[in-house]
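Chains H and A are the protein sequences, given in the same order.
The numbers in the numbering used here rise by one with no breaks, and the one at position 456 of the first sequence is 456.
The numbers in the numbering used here rise by one with no breaks, and the one at position 22 of the second sequence is 520.
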Amino acid sequence: MNDILSNVVLGLSVALSWQGLLYCAFGVVMGMIVGVLPGLGALAAISILFPVTYHIEPGFALIMIAGIYYGTSYGGKITAILMNVPGETDAAVICLDGYPMARQGRAGVALLLTTLAAFGGAAIGIVITIIFSPAISKVALAFGSPEYFALMTLGLFATTAMSDSAASKSLGMAAFGIVLGLVGVDVDSGADRFTFGLLTLKDGISLVVVAMGVFGVAELIMSYNSKMLPVNSVTMRSMLPARDDLRRIVSPILRGTGVGAFFGALPGTGATVSTFIAYGLERGVAKDKSRFGKGAVEGLTAPEAAANSASITSFIPTLMLGVPGSASMALILSLLIVHGIAPGPRLILDHPQVVWGLIMSFWVGNLILVILNIPLIGVWVRLLRIPTSYMYPMIMMFISIGTYSIRLNVVDVGLVVLSGLFGIWARRAGFPLGPLLLGYVLGPLLEEHFRRTLVLSGGDPAAFISSKLAMVVYAIILLLSVWKIRARMRNRKLVALS
Amino acid sequence: MEEAGFGSRYWPSVLILGVGLAVVTYAYMTLRMGSISRPGPGAFPLVLGLFITATGVVSTLTIAWKSRAGELPARVVQPDEEEQERFDLKVALFVILALGVFALFVENFGLAPAIFAQIFITASIGNKLSWTARLLLAAGAAAAATLMFAVLLSVPVPIINWPFGR
Chain H
1 MNDILSNVVL GLSVALSWQG LLYCAFGVVM GMIVGVLPGL GALAAISILF
51 PVTYHIEPGF ALIMIAGIYY GTSYGGKITA ILMNVPGETD AAVICLDGYP
101 MARQGRAGVA LLLTTLAAFG GAAIGIVITI IFSPAISKVA LAFGSPEYFA
151 LMTLGLFATT AMSDSAASKS LGMAAFGIVL GLVGVDVDSG ADRFTFGLLT
201 LKDGISLVVV AMGVFGVAEL IMSYNSKMLP VNSVTMRSML PARDDLRRIV
251 SPILRGTGVG AFFGALPGTG ATVSTFIAYG LERGVAKDKS RFGKGAVEGL
301 TAPEAAANSA SITSFIPTLM LGVPGSASMA LILSLLIVHG IAPGPRLILD
351 HPQVVWGLIM SFWVGNLILV ILNIPLIGVW VRLLRIPTSY MYPMIMMFIS
401 IGTYSIRLNV VDVGLVVLSG LFGIWARRAG FPLGPLLLGY VLGPLLEEHF
451 RRTLVLSGGD PAAFISSKLA MVVYAIILLL SVWKIRARMR NRKLVALS
Chain A
499 MEEAGFGSRY WPSVLILGVG LAVVTYAYMT LRMGSISRPG PGAFPLVLGL
549 FITATGVVST LTIAWKSRAG ELPARVVQPD EEEQERFDLK VALFVILALG
599 VFALFVENFG LAPAIFAQIF ITASIGNKLS WTARLLLAAG AAAAATLMFA
649 VLLSVPVPII NWPFGR
């Protein structure tokens, strides 16, 4: 207990210094702006601001970049709700129930509830990080490649079970996403894979480009002619949630936070995976599943709480083990390395002020974000009143500059067009896009653990189910699949009857 | 939505099957497999391809079996499909043209002209705005983009460039 207290005090002395406050505020405001701008995500913003951090003390640079990272997730949900365009891949699930709420004229309520969920998730995530940090890292340390392989497979199957499309279509899309993630030079052997001799494919296809294409460009084209939304009915009064809404969101926030905190702390999974699983869980426990996808507040708040608690706890493996859970975390890791700080179990012993300063700055950042999101919530709703003729060219501008700024390569702009056309085709053909992105993120990690499992066991395929945890996870996958097939059959019968 | 006949009932499964076979063929033909205790760059793609192929086979067989048993409805209906979203070829072509013009202009003429041209094209979709409004929007966007990206975020991109010069 004394340990915790002295760590908190040490962290606060860094986070509440004027520099700590300044860099934290700058980071979260940047994160909000970038999150609100469709197409431009945390990855692009972190990369763009990366050179700036060379001139700042590493502790403060970390606070600022972390602020961009979790600030984006507050901002990313805004466009997801108002325009069905997720600012970040974490926010893709928010579209499912957030956008229908906006169409019902409840955009203000959706924004308020997600802010509450985000803060709740983050706050519990911070407390968990402070208290359980050593224990969680110890548990995660005990996992080997077979366990990671099983958990990631579970992530993919959970998305499949969650989606309304046929299991074959979602599994096909997840696998296709993995293939997209494999494009480029194989780090292990140096062999070119799926590059077809094209030089630009050697670096791989950027996730941001794919996400911007299948969501941003596709949405732009598909909804350009849609009628104006009835936004005039959104008044300050209608932003107030009903008592029923508040009652409904308490348990989803707690469940979502739990899912987020767990998957955030696991290396390889993270905020995006946890949002899908939290959504699937809420759908699973709900009595009336038909409300989901039509503006269920449970489906809105659980993933948001999960994303925000995961974005906090995902710092645990990144900082304690040196294993980044996502591309953004990989950038944050490289920030430390640039400053000559080696991440890993010794980091918290050698540089306690960096680690605890960062963790306490999460409080500062999240409080600023709530202030930005609740008094200014009306400003975001007003965005909808801008006619599409003005709005869409602006979205277009951010998509193109955002795409181009990742690698300063015009080929990526071409790829965004191709992904956009693919996204339109997939929508019309009933192939879900969520599993595609998830497969893309998990693909390289799945392969790494696939290889490591075989190498370490000397080529024994039984190694994949060698531990109890892995067996439990595969049992869950099996149950999920059976449940999914039965649910599909019941749906088919209903359709056939009507 | 078209009436679903034999072809449209089967094609998604056959497509998955085709992609699976393509991945298997590519992995097998061009990548080194390695051994089971030392998997090479082709091992994981091969397993993945086999998984996709299996998914395609199972779903094709399921459909065949069910339609023979008469368990499938003649047409799979999406009950609450939004008719609001419609694919408009003209909008798509304008959007692609605008992105293409941006890609062509940004390195050759600079960021400001690229954004100006792109926004002008996008704003012209559907003739909803007057010429003055389009020009003002394009100019405003070019100025805003320059300020935000080139100045504030210091993205290393030329603001205005002499045509085709480096």
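By construction, the Cβ of each residue, glycine as well, lies at the ideal position given by its N, Cα and C atoms.
Original post:
Which of the three DSSP states, helix, strand or coil, is assigned to residue 423/H?
Top reply: Reduced to three states, the DSSP call for residue 423/H is helix.
Original post:
Are there three or more Cβ pairs, one per stretch, closer than 8 Å when the segment 451-466 of chain H is compared with the segment 116-128 of chain H?
Top reply: Contact check between the segment 451-466 of chain H and the segment 116-128 of chain H: fewer than three CB pairs, one atom from each, fall below 8 Å, which does not count as touching.
**OP:** Within the same chain, show all residues whose beta-carbon is closer than 7 Å to that of residue 555/A, passing over the 5 residues directly before and after it, in chain order.
**Re:** 515.
Original post:
Which whole-angstrom value is the C-beta distance of residue 264/H and residue 312/H, which I expect to be below 8 Å?
Top reply: In this structure residue 264/H touches residue 312/H by the C-beta definition: roughly 7 Å separates them, less than 8 Å.
Original post:
For residue 255/H, which three-state DSSP category applies?
Top reply: Assignment of residue 255/H by DSSP, reduced to helix, strand and coil, places it in the helix class.
Original post:
In its own chain, which residues sit with a C-beta less than 7 Å from the C-beta of residue 195/H, not counting the 5 before and 5 after it?
Top reply: Within the same chain, residue 195/H has close Cβ partners 183, 184, 201, 202.
Original post:
Excluding the five sequence neighbours on either side, which residues of its own chain have a C-beta within less than 8 Å of the C-beta of residue 392/H, listed in chain order?
Top reply: Around residue 392/H: 220, 224.
Original post:
Checking contacts by CB at 8 Å: is residue 39/H closer than that to chain A?
Top reply: Summary for residue 39/H: the model assigns pLDDT 48, below 50, so the residue's position carries little reliability; its value from the coordinates is reported in the next sentence. No - not a single Cβ of chain A is within 8 Å of the one on residue 39/H.
Original post:
Quick one: what's got a C-beta closer than 7 Å to residue 20/H's C-beta in the same chain, skipping five residues either side?
Top reply: So the qualifying residues of the chain are 14, 60, 63, 357, 361.
**OP:** Output yes if chain A places a C-beta closer than 8 Å to the C-beta of residue 458/H; else output no.
**Re:** Yes - at least one Cβ of chain A is within 8 Å of the one on residue 458/H.
Original post:
Just how far apart, CA to CA, sit residue 215/H and residue 23/H?
Top reply: The straight-line gap from Cα to Cα measures roughly 32 Å.
**OP:** Determine the burial state of residue 416/H: buried for a count of at least 16 other Cβ atoms within 10 Å of its Cβ, exposed for fewer.
**Re:** Residue burial annotation: residue 416/H is buried, with at least 16 other C-beta atoms found within 10 angstroms of its C-beta.
Original post:
Can you tell me the Cα-Cα spacing of residue 151/H and residue 464/H, whole angstroms?
Top reply: Roughly 11 Å between the two C-alpha positions.
Original post:
Relative to the C-alpha of residue 128/H, which residue among 34/H, 482/H, 149/H, 314/H is closest?
Top reply: Per the Cα distances, 314/H.
Subject >> Cβ of residue 565/A within 8 Å of any chain H Cβ >> reply: No Cβ of chain H is located within less than 8 Å of the beta carbon of residue 565/A.
Original post:
Straight-line CA distance for residue 533/A to residue 142/H?
Top reply: Each residue's alpha carbon lies about 27 Å from the other.
Original post:
Looking at residue 640/A and residue 614/A, is the spacing between their C-beta atoms short of 8 Å?
Top reply: Contact: yes.
**OP:** Take residue 114/H and list the residues in its own chain whose beta-carbon comes closer than 8 Å to its own, dropping the five residues that flank it on each side.
**Re:** The residues 77, 81, 94, 98, 300, 301, 304, in chain order, have a CB closer than 8 Å to that of residue 114/H in the same chain once the five nearest residues on each side in sequence are set aside.
Original post:
For residue 533/A, which residues does DSSP report across the bridge?
Top reply: Partner(s): 536/A.
Original post:
Can you tell me the Cα-Cα spacing of residue 539/A and residue 403/H, whole angstroms?
Top reply: Counting only the Cα atoms, residue 403/H lies some 29 Å from residue 539/A.
Subject >> Nearest-angstrom Cα separation, counted from residue 442/H out to residue 510/A >> reply: One C-alpha to the other measures close to 24 Å.
Original post:
Is the CB-CB distance between residue 125/H and residue 278/H below 8 Å?
Top reply: For residue 125/H and residue 278/H, no; Cβs fall outside 8 Å.
Original post:
Roughly how many angstroms lie between the CA atoms of residue 27/H and residue 254/H, to the nearest whole one?
Top reply: Note on geometry: alpha-carbon atoms of residue 27/H and residue 254/H lie some 27 Å from one another.
Original post:
At least one CB of chain H closer than 8 Å to the CB of residue 534/A: is that the case?
Top reply: Yes, residue 534/A lies at the interface with chain H (some Cβ there is under 8 Å from its Cβ).
Original post:
Taking DSSP as the reference, what is the three-state secondary structure of residue 193/H?
Top reply: DSSP places residue 193/H in strand when its eight states are reduced to three.
Subject >> Selection from 549/A, 631/A, 507/A that minimises the alpha carbon distance to residue 518/A >> reply: Ranking the options by Cα distance to residue 518/A, first place goes to 549/A.
Original post:
Buried or exposed: residue 620/A, going by 16 or more other Cβ atoms within 10 Å of its Cβ?
Top reply: Residue 620/A should be labelled buried.
Subject >> Buried or exposed by the 16-neighbour rule on C-beta atoms within 10 Å, applied to residue 536/A >> reply: Classification for residue 536/A: exposed.
Original post:
Do we get a CB-CB distance below 8 Å when we pair residue 414/H with the residues of chain A?
Top reply: Residue 414/H belongs to the set of residues whose beta carbon lies under 8 Å from a beta carbon in chain A.
Original post:
Do three or more CB pairs link the segment 396-410 of chain H to the segment 102-109 of chain H at distances below 8 Å?
Top reply: Short answer: they don't touch.
Subject >> Counted within 10 angstroms of its Cβ, other Cβ atoms place residue 90/H as buried (16 or more) or exposed >> reply: Counting the other CB atoms within 10 Å of its CB gives residue 90/H a total of 16 or more, which places it among the buried residues.
Original post:
Applying the criterion that 16 or more other CB atoms from any shown protein chain within 10 Å of the CB defines a buried residue, is residue 475/H buried or exposed?
Top reply: Looking at its Cβ environment, which holds fewer than 16 other Cβ atoms inside 10 Å, residue 475/H is exposed.
Original post:
Looking at the C-beta of residue 665/A, does it have a partner C-beta in chain H at a distance below 8 Å?
Top reply: This structure gives no information on residue 665/A, because the portion of chain A shown stretches from 499 to 664.
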